[in-house]
Amino acid sequence: MVYAIIALIVLVALAPLWHFMPTKRQKHQARLRETAALAGLFVEFRDLPLGPERSARLPASERQVLYYGLRLPASRKKPRIRQAWYRDNAQWRSPAGRADPPGFSEELPASVLAIAVSEESCGIFWQERGDEDTVREIAALLEDWKGNLLSS
533 MVYAIIALIV LVALAPLWHF MPTKRQKHQA RLRETAALAG LFVEFRDLPL
583 GPERSARLPA SERQVLYYGL RLPASRKKPR IRQAWYRDNA QWRSPAGRAD
633 PPGFSEELPA SVLAIAVSEE SCGIFWQERG DEDTVREIAA LLEDWKGNLL
683 SS
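The numbering of the sequence shown is the working numbering, which starts it at 533 and goes up by one.
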């Protein structure tokens, strides 16, 4: 009986600690982000590049998504044009409607919501639906795109 009471007290004392154990989803996200870091990508929350009229209609929880990007060196000649494309059904659209998406856009997984390039980086906005191989594929596509951006 004494041992049962001691065990109960220990369980009551340890119960709050289980609240801080990471969930399966959190462990999965950590693996994806670690894979991204090992592939040379950085990860941060950013607003989707939808344009002001569409962004205003979305709540902040849907507007803020994860950006997996590659840093670009400063351009010496002329500054890079800031461009973005978002997935609208099965097509890629630009908020300004001015440019075609990069050639690799059709190879991206369906969980990628948008593609963007700026003076500082090029990358994708996505919902982290996939595995480590998906992150490696995205990193390879972004590396190729970075090479194309730097050579032009």
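Heads up, the beta-carbon is just placed ideally off N, CA and C, and yes, glycines get one too.
Counting only the Cα atoms, Ala622 lies some 12 angstroms from Val644. In the structure shown, Asp620 falls within a strand segment according to DSSP collapsed to helix, strand and coil.
In this structure, the CA atom of Trp658 is about 54 angstroms from the CA atom of Val534. If the five residues before and after Lys678 are omitted, its C-beta is found closer than 8 angstroms to the C-beta atoms of Leu602, Leu604, Cys654, all from its own chain and listed in chain order. Distance from the CA of Leu598 to the CA of Ala545, rounded to the nearest whole angstrom, comes to 37 angstroms. Counted as a single uninterrupted DSSP element, the stretch harbouring Ala571 is not any beta strand (DSSP E), since DSSP gives it neither H nor E. Counting only the Cα atoms, Phe574 lies some 10 angstroms from Glu566. Taken through DSSP and simplified to helix, strand or coil, Leu681 comes out as helix.
In the three-state DSSP reduction, Gly601 falls in the strand class (E or B). Pro581 is classed as buried because its beta carbon has at least 16 other beta carbons within 10 Å across all chains shown.
Counted as a single uninterrupted DSSP element, the beta strand (DSSP E) harbouring Ala646 occupies residues 644-649. Under the DSSP assignment, Ile656 falls outside any alpha helix (DSSP H), being part of the beta strand (DSSP E) whose first and last residues are 653-658.
In the three-state DSSP reduction, Arg630 falls in the coil class, being neither helix nor strand.
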